[in-house]
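Read in order, the letters of the sequence shown are residues 1490 to 2559 in my numbering.
One structure is given here, and the rest of the page talks about it.
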Amino acid sequence: MVLLSKINEDAIVENLKKRYMDDYIFSYIGSVLISVNPFKQMPYFTDREIELYQGAAQYENPPHIYALTDNMYRNMMIDAENQCVIISGESGAGKTVAAKYIMSYISKVSGGGAKVQHVKDIILQSNPLLEAFGNAKTVRNNNSSRFGKYFEIQFSRGGEPDGGKISNFLLEKSRVVSQNENERNFHIFYQLIEGAPVQQKEILGIMTPEYYSYLNQSGTYKVDGTNDSKDFQETMEAMEVIGIPGEIQAQVLQIIGGILHLGNISFIEAGNYGQVESTDLLAFPAYLLGIDPSRLQEKLTSRQMDSKWGGKSESINVTLNQEQATYTRDALAKALYTRLFDYLVEAVNKAIRKPTEEYSTGVLDIYGFEIFQRNGFEQFCINFVNEKLQQIFIELTLKAEQEEYVQEGIKWSPIQYFNNKVVCDLIENKLSPPGIMSVLDDVCATMHAKGEGADETLLQKLHGTVGTHEHFNSWNSGFVIHHYAGKVSYDINGFCERNRDVLFPDLIELMQSGEHHFIRSLFPENLNTDKKGRPTTASSKIKKQANDLVNTLMKCTPHYIRCIKPNETKRPRDWEESRVKHQVEYLGLRENIRVRRAGFAYRRVFNKFLQRYAILTTETWPCWRGTEQQGVLHLLKSVNMDKDQYQMGHTKVFVKNPESLFLLEEMRERKFDTFARTIQKAWRKYIARRKYEKMREEASDILYQSKERRKNSINRNFVGDYLGLEQKPELRQFLAKRERVDFADSVNKFDRRFKSIKRDLILTPKGIYLIGREKVKKGPEKGQIKEVLKRKLEFGNIISVSLSTRQDDFFVLHEAQYDSVLESNFKTEFLSLLCKRYEEVTKRKLTLSFNDRLEFKVKKEGWGGGGSRFLVFQRGQGDLAQVKPGGKTLNITVGDGLPKTSKPTRKSAPYSHGTRTNPPNSRGHPHGATQFSRGGAPSAQHDFTNTAPQRHGRPPSAALPKLGTQRSQRAPAQHKQGNMDFLNVPEQGMSGMQRKKSIGQRPPPAPKPSSRPQGPRCRALYQYIGQDEDEISFNVNDVFDLIRQDTSGWWTGRIRGREGLFPGNYVEKV
């Protein structure tokens, strides 16, 4: 939105509305993310988006919470600095959902083993658990957070989440005992009623929600779009993942049930004293909480008070009236729930605690700004915390940024904005003048018992101390504060009582006398110690927590998400113009745009900038010799950044546009990518050699004693991808974005009539793909040949694979529906990889059967049945299979191969670095795959000396076995000559010298070649590129001298004055 032509609230609102109506809920103001609650599930939070945004620059993709999270995660790893994201907005704006997406993204993109995965599971499962106990339906939000949460995800130096810590703030415990109209109590109460098994309900005495006094005040029991029964199961699963023992889980539910039954105990006035109306209702809560019913009755209707007189102290038992007894009952219920909630937070912390902190990313999900019909003490505290968060945003994005420009000597015109520090001081000041919280604490310190009249005293004192403040007003039932988000009227009734937050010793003693150890552990106080000083009040707690939170956030690199609520109806595509404009105004988006537009998108101290981008030039890497400022200038000039795009401060460099920063980042990434590729290339080459040697041996074991082997395929190197898929997007389109390819080759597929058709066979960890070509019949691409996915075989659907016992290349993939008959020169490599993947997925071995009569099912077509066909293999002549169809049988004849017990030699031939041209296959298809350069070996020829190889099929192997003993058998002179010939000056070099000598002269006729006695000669059938110093190279149809033939298949020849080795099955004798 920095690029908007007009910068005013109306233009901002209009821009947000257009995007919202088109289902674009995210926008940017510089690095600040604006999120509008869509009130529906959006389609762009899948694994595809995670892949899209991982490692991508901000400008590469549309605005998204994943982009902000990825940037935060990468900055943490690169800069070694803690990060935090501050999510702000009013209640119902979508803050909790945003926090979930952040944690989910980090969990998906970060690595780690089983231990790290366990931490990830706990981090994700903490959400449903704490939502069940800490969230509730309000009139503004169906899943409103009624507590604040700062979740620190801690990382190892490798970027793996291996720990965490949750800090929780101010649970709205008054909701346990009372709710406003159209609101609900905490979710867990309704989850228990709807989702607990029948037997458990009987044990806990669970009835319908209308039965319970703590639930029936608002008359609301259901929430649209919420399945309480399903959510209960998720809550229990979360407790299991976090590691809460089963017996503790049962007692947690007992406490929830006990609180519900406790609320049904009512009191009547009897002679100015309160007494329990129905003593029968005491039994069930006492049973569930493990305490004595008579003691429960006693502590609810009386209180023990210490009286000091004349230096002596004595205990007096005071009987309570009806109102005091009701207050005591509610105080016990709130204390039980609050302490239970604190236990659950601590249980999560214990499960993911780590001894030392390295890096961390904090996610702040805290209650939003609230204005209700009646606003009490809880709303006062909630809105105070939101004021503090707004102050952080102002301090770091508006105030601090402008002050920094002045300090660094950057030219700057100040931009005016509202600084809400004056409102924060009104609430939290200690002195001169004291703030509202200080006055509140003073009044609470002088309260006695229930403190009737204390609220009126508070109102009078506030009028006297802050009555003249410009952001404060009084009214007959309370006071008004002019918050940054609007005016809020607070009802003074109950302020002092809720601020005292004191649980009387009688109730603590009662719970400590219970029979359940877990419930006793929730009340660890030592009542025998003397109490000194004032008890801590709720307002002082929240003030300390808020300031501690601010200090924590200020130590991190902050990121911001500003959430906007588009309507109060909670319906999608419903836009309330005035409501959104109000939020845009109080969130300060206009000022934010103006500062970002006039200012600089990026600033960094010189040494940090130099450290990050030093790799871009040889002068700065690995060490810059000059001053840091000169080093920064050198880097900026090296990337040709315009001078108007940056300014040099006293200690920092300021870069104006994000695009300029992205340029630097992109160049840095390219440098690292180049270095990484160099390292990877060397390492992968080494690993590949070892891997393929091992694979070749394992593959040989599959066919051992079952199938004859081809002479030159048994020792060939495995390549895997024979199609060159990296340069074939038309084939990769059928695979997922990062789907790994184990094997790819162009094969022959035989249909029901035994017609051979070219198919591209691709094996990945997800299955087998068979890709063909078809002519487009209609549309703008009519007549063009396009790739089509003909079949995808899932591993679970493959039944077995059948092969013959002879040296042919046929195999049958048996599947439930119909079978596929394929022919591939690289069948052994394919089968070995298929067996591995099959066992990984199905946890069982793939069945391989060997027989010279193979039956296979054909696909049903039209009205006719599928039926079966047969492959019959017979002994014939030559190494290439000859096929002859006859009815429902395909007869295949092939000569004898190597024995079934053949094994590859340990010493492998050198890997191919050259290319060769493949002759067309006699059984090719006009729409078959293009022939590619292949590093692997094709079919071997049967006879090396007596018969010339046929010109059909694939060329012979480029990597024949070179027996270790044969190198020593060669004549020394030949060996020396073969090694030294490459030092001779090339022929064209001599020609060049001759041309220099004879400029302007007619060249003499070429000399006659010296006569050489004619010996055996041979003609090249295929191109061969020499791979070692002692090998020769030749092209198709080259004729050259044959010096020596060897039974190993490696012959010695001479071509163009160079003598060396070459594979004999690449030539024919002439």
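Cβ coordinates follow ideal geometry from the N, Cα and C atoms, glycine included.
Using a Cβ distance threshold of 8 Å, D1512 and M1531 count as a contacting pair.
In this structure, Y2091 and V2128 do not form a Cβ contact; the two beta carbons are roughly 14 Å apart against a cut-off of 8 Å.
When DSSP states are grouped into helix, strand and coil, P1774 belongs to the helix group. By the CB criterion at 8 Å, T1850 and Y1562 fall inside the cutoff.
One alpha carbon belongs to Q2134, the other to Q2216, and they sit about 38 Å apart. Per DSSP, C2112 lies in no alpha helix (DSSP H) and is assigned neither H nor E. Under the criterion of beta carbons closer than 8 Å, E2117 and L2099 qualify as touching, at roughly 6 Å. At a Cβ-Cβ threshold of 8 Å, L2124 and T2107 do not count as neighbours.
Rounded to the nearest angstrom, the Cβ distance from S1707 to E1672 is 5 Å, consistent with a contact under 8 Å.
Beta-bridge partners of Y1710 (DSSP): none assigned. The residue among Q1764, N1705, F1658, Y1639 with its C-alpha nearest the C-alpha of E1670 is N1705. Within a 10 Å sphere around the beta-carbon of P2552 sit 16 or more other beta-carbons, which makes this residue buried. The Cβ-Cβ distance between R1818 and L1751 falls below 8 Å. Shortest Cα-Cα distance from Q2072 to any of A1974, I1883, R2326 involves A1974.
In this structure, E2182 is the residue among E2182, T2336, K2346, W2539 with its C-alpha nearest to the C-alpha of P2393. Here Q1891 is near I1904, since their CB atoms are less than 8 Å apart. In the three-state DSSP reduction, C2507 falls in the strand class (E or B). C2052 is classed as buried because its beta carbon has at least 16 other beta carbons within 10 Å across all chains shown. CA-to-CA, the gap between N2146 and A1546 works out to about 14 Å.
Assigned with DSSP and collapsed to three states, M2156 falls in helix. The three-state secondary structure of W2172, taken from DSSP, is helix. In the DSSP annotation of this structure, the continuous segment of the alpha helix (DSSP H) that includes K1877 starts and ends at 1866 to 1882. For the 8 Å CB-CB criterion, D1854 and K1638 form a contact.
For L2078, the three-state secondary structure derived from DSSP is helix. In this chain, the alpha helix (DSSP H) harbouring K1609 covers 1603 to 1623. H1960 sits in coil when the DSSP states are folded into three classes, being neither helix nor strand. Of the candidates H1960, I1970, E1986, F1907, the residue whose Cα lies closest to the Cα of E1945 is E1986. Under the three-state reduction of DSSP, Q2119 is assigned to helix. In this structure, DSSP gives V1586 a helical state, which the three-state scheme calls helix. In this structure M2043 is exposed. Its beta-carbon is surrounded by fewer than 16 other beta-carbon atoms within 10 angstroms. DSSP places V1628 in the coil class of the three-state scheme, outside both helix and strand. Proximity of the region 2314 to 2325 to the region 2259 to 2273 falls short of the contact definition, fewer than three beta-carbon pairs being nearer than 8 Å. The three-state reading of DSSP puts K2349 in coil, since its state is none of H, G, I, E or B.
Boundaries of the beta strand (DSSP E) harbouring A2233: 2232 to 2239, taken from the DSSP string. When A1739, M1728, V2301, D2162 are compared, the shortest CA-CA separation from N1616 is found for M1728.
With the rule of 3 Cβ pairs closer than 8 Å, the region 1774 to 1781 counts as touching the region 1996 to 2003.
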